[in-house]
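Protein chains in written order, with full-length UniProt numbering: chain A, 1 to 220; chain B, 1 to 220.
Every residue, glycine too, gets a C-beta built ideally from N, C-alpha and C.
One structure is given here, and the rest of the page talks about it.
2 protein chains.
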Amino acid sequence: MRCLIVEDDARIAADIAQALEQAGFRAEHAADGESAWFMGGTEDYALIVLDLGLPRIDGLTVLKRWRSEGVDIPVLVLTARGSWNERVEGIDAGADDYLPKPFRMEELVARARALVRRASGRVNPVQQVGRLALDTNRQTVSIDGRMLNLTQLEFRLISCLVMNAERVVPPVELLEQIYGDDDSRDVNAIEAVIARLRRKTGPGVIGTRRGFGYFLEQSP
Amino acid sequence: MRCLIVEDDARIAADIAQALEQAGFRAEHAADGESAWFMGGTEDYALIVLDLGLPRIDGLTVLKRWRSEGVDIPVLVLTARGSWNERVEGIDAGADDYLPKPFRMEELVARARALVRRASGRVNPVQQVGRLALDTNRQTVSIDGRMLNLTQLEFRLISCLVMNAERVVPPVELLEQIYGDDDSRDVNAIEAVIARLRRKTGPGVIGTRRGFGYFLEQSP
DNA sequence: CCGCGTCTGTCAGGGAATTGTCAGCGGACA
DNA sequence: TGTCCGCTGACAATTCCCTGACAGACGCGG
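So this is what it looks like as structure tokens:
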């Protein structure tokens, strides 16, 4: 699950990134409004964390532009404590939640999770696809109720498939979703992870459509 | 998926073309603004990569003309790094994304993909022609609601027919649409694919107009 | 700092699905 | 009725995908 952190202070950005990555996100970073706008408009994030005080283009402006362009990614806005008018403006601009600075990282992570959950229209964190169940809160995957012991990478990959259930996901897209623009890797890396996953899930869970990509088997 | 590269430097154009073709596009090339304008206005591309510094007509002018004519193909603009006003002008002219030169090819490919994905999400992904329904999002084809298990090639071919519904498509055009300018293949290859498709769809879906080409049956 | 185990990307070999070609056949059209 | 065009089954070539092996990276405990 990819998220975008828009924050001009590199230190803070790195801290947030680390916290979110631990929570299972793949964090990317934009340091100014301009690049934030491009990234948020072109990439497919599950969440955007937006600091308002930005160089070049103001955070609020960026947010308004996104919304006017139809970008409906949930946005968590970081505001200075007590600055009420910023909040009001943020509401108008289309923010989904606020976090007054300074904040504890756990708070941010919790809100991030809540936002993503809400956005994907789920009340509970467990998603069931066929025999497979994914718990985004605990970061666990079970099949027929039996827990799987997955690595970080395997988990991310199967999450992608769950997010895109009812669709066949091309390997290139998985590459992009999992590693980002870091294109140092081969499509074969995906194949390898898929193979390892299948060894753990057993057959009949992850399907292949030759020439198209991978998908989760729906019906038993 | 066809894309148009508007670039006056032949070397760069060739490089971009190669990268995009590897990514599954079929690339065509315009070297000056005038032909670019014509091609973008008459052909149906999924994406246009536009360099701004052009002979004859300036790239921005071309872009504005397209937009004023209702051409809504996503346009990826190549700008010189840091040329701020070019970007702003580009926004006004209707560009969908930017890429500062010089750039890595992988970056271009990634953005191209993102743009196309975003654009294709705008329109209704399922098109119905007669008893046949094509879902461009899930990459599936169903007939009377029954899913067909198609190969990559079969899917591309039937997509072409759907795009050109209510028209009889000559086999040569199908060859071109599916394989690009790679003319190493025989028209018979198309016939073979058609035959395999018909075996899956059953009769009454793909028709033949002897001497002209193939078409999709409209009425039940 | 070293040894150990785990995770992960790459590589190469093999197998299977896909696809181009060929040749024979049958119907359409003059 | 002859000719041409398109259809189709068979086969070979190709592409795509799977998998086991291996090595580098990383983390951890001693």
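Under the criterion of beta carbons closer than 8 Å, A/Phe215 and A/Leu161 qualify as touching, at roughly 7 Å. Chain-ordered, the chain A residues with CB closer than 8 Å to the CB of B/Thr151 read Arg210 and Gly211. DSSP places B/Tyr45 in no alpha helix (DSSP H); its state is neither H nor E. The continuous stretches of alpha helix (DSSP H) do not include B/Glu217, and DSSP gives it neither H nor E.
With a cut-off of 8 Å on Cβ pairs, the region 3 to 12 of chain A is in contact with the region 22 to 29 of chain A, counting three or more such pairs. Per DSSP, A/Asp9 lies in no alpha helix (DSSP H) segment and is marked neither H nor E. Within 10 angstroms of the beta-carbon of B/Pro102 lie fewer than 16 other beta-carbons, which makes it exposed. In this structure, the straight-line span from the alpha carbon of A/Ala93 to that of B/Ala93 is close to 24 Å.
Closer than 7 Å at the C-beta level to chain B, one finds these residues of the UniProt domain "Response regulatory" (2 to 116) of chain A: Phe38, Thr42 and Glu43. In the three-state scheme derived from DSSP, where H, G and I count as helix and E and B as strand, A/Gln177 is classed as helix. Under the Cβ distance rule, B/Arg138 counts among the residues neighbouring chain A, one pair being separated by less than 7 Å. In the three-state DSSP reduction, B/Arg111 falls in the helix class (H, G or I).
With at least 16 other beta carbons inside 10 angstroms of its own, A/Gly33 counts as buried.
The continuous alpha helix (DSSP H) containing A/Arg67 extends over residues Gly59 to Ser68. Shown here, A/Arg146 sits in a strand according to DSSP, grouped into three states. Between the alpha carbons of B/Gly40 and B/Ile48 lies a distance of about 8 Å.
Collapsing the DSSP output to three states places B/Pro100 in a strand. B/Val126 and B/Asn137 have their C-alpha atoms roughly 8 Å apart. Take A/Val77, set aside five residues on each side of it, and the residues of its chain with a beta-carbon closer than 6 Å to its own are Leu50, Gly90, Ala95 and Tyr98, in chain order. The beta carbon of B/Ile73 is closer than 6 Å to those of Tyr45 and Ile48 in its chain, skipping five residues each way along the sequence. With a threshold of 16 other beta carbon atoms within 10 Å, A/Ser159 meets it and is buried.
Taking C-beta separations shorter than 7 Å and ignoring five residues to either side along the sequence, the partners of B/Leu63 in its chain run Leu50, Val75, Ala93, Gly94 and Ala95, following chain order. Listed as beta-bridge partners of A/Gln128 by DSSP are A/Ala133. With a contact defined as Cβ atoms closer than 8 Å, B/Leu175 and B/Val187 qualify at about 6 Å. Residue contact with chain B for A/Val168: present (Cβ-Cβ distance below 7 Å to some residue of chain B). Taking all protein chains shown into account, A/Met1 has 16 or more neighbouring C-beta atoms within 10 Å of its C-beta and is therefore buried.
The residue from A/Val169, A/Tyr179, A/Ser184 and A/Ile178 with its alpha-carbon nearest to that of A/Ile206 is A/Val169. Put simply, the backbone Cα of A/Ala112 is about 16 Å away from that of A/Ile12.
Annotation: B/Glu154 to B/Thr201 spans about 11 Å, alpha carbon to alpha carbon. Here the alpha carbon of B/Ala114 sits roughly 16 Å from the alpha carbon of B/Ile16.
B/Leu52 and B/Ala36 have their C-alpha atoms some 12 Å from each other.
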